[in-house]
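If you read the sequence shown in the UniProt record's numbering, its first letter stands for residue 1, the second for the next number, and so on.
Note that the Cβ used here is the ideal one computed from N, Cα and C, for glycine as well.
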Amino acid sequence: MSDEARPDAAEDVTIPTRAAETVAADATTAETTPDAPESDTAPNDEPAEGADTFDRAYVEKLRKESAGYRDRAKTAEDRADSLSKRLFYARVAATGRLSDPSDLEYDEAAVTDDNALNAAIDTLLELKPHYKSRVPRGEVGQGLKDSAPAQVDLLGRIRSLV
1 MSDEARPDAA
11 EDVTIPTRAA
21 ETVAADATTA
31 ETTPDAPESD
41 TAPNDEPAEG
51 ADTFDRAYVE
61 KLRKESAGYR
71 DRAKTAEDRA
81 DSLSKRLFYA
91 RVAATGRLSD
101 PSDLEYDEAA
111 VTDDNALNAA
121 IDTLLELKPH
131 YKSRVPRGEV
141 GQGLKDSAPA
151 QVDLLGRIRS
161 LV
């Protein structure tokens, strides 16, 4: 049979079934149960004991607190990424092999691995040799030499003439 009330064919009278009686009984016990929480109670910061729901103020406090933690985590993550990139480009510049360290694309794996960094620089220089550093090394034939000419002694020349 169905769970709803069914009409009796002989008398046009509706006879309630067991499901309808159960629903009606549950409704009356829910209204008279003294354990039911009242909505007029003062909001607490702590959750009610044994309840699955929390007060609105407590939930808002938790949401605000977790939003603060999410913001702090995002800020810390952004700062860590920024410092990691600065370290990477400082290490590339320290090798002295590239004229501009920003020519090499950031690689997170190469931040801590020397072999990966050198391999990335080698690969870039094979593809684009004009990125190689042009800083002169060794003797280029300019500047101060070890054998400087003797100092001119004007007083000694004047004495030699007199």
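I'd like the span of the alpha helix (DSSP H) that includes residue i, first residue to last.
i	result
Y106	Premise fails: Y106 is in no alpha helix (DSSP H) and is neither H nor E.
A150	From DSSP, A150 is part of no alpha helix (DSSP H); its letter is neither H nor E.
E126	114 to 127
Taking 7 Å as the limit between beta carbons, can you name the residues of its chain near residue i, skipping five residues before and five after?
i	result
S160	none
L104	V92, L98, A120, I121, L124
A110	F88, A116, L117, A120
I158	none
A73	none
As a quick exercise: from the options, pick the residue whose alpha carbon is nearest that of residue i.
i	options	result
E108	D100, A94, Y89	Y89
V135	G96, T112, D78	G96
K128	A94, L154, D100	D100
Y131	R79, E139, K64, S102	S102
Is there a Cβ from chain D that is less than 7 Å from the Cβ of residue i?
i	result
K132	Protein chain content of the structure displayed is limited to a single chain, and chain D is not contained in it.
Between residue i and the rest of its own chain, which residues show a CB-CB distance below 6 Å, the 5 nearest in sequence each way excluded?
i	result
residue 164	Here the chain has residues from 1 to 162 only, and residue 164 is not among them.
Among the residues of its own chain, which have a CB less than 8 Å from the CB of residue i, if the five just before and after it don't count?
i	result
A150	none
(request) Please confirm if the region 80 to 88 is in contact with the region 53 to 71, defined as three or more CB-CB distances below 8 Å between the two stretches. (result) no
(request) Could you tell me which uninterrupted alpha helix (DSSP H) segments, each at least 4 residues in length, are contained entirely in the region 53 to 106, listed from first to last along the chain? (result) 56 to 95
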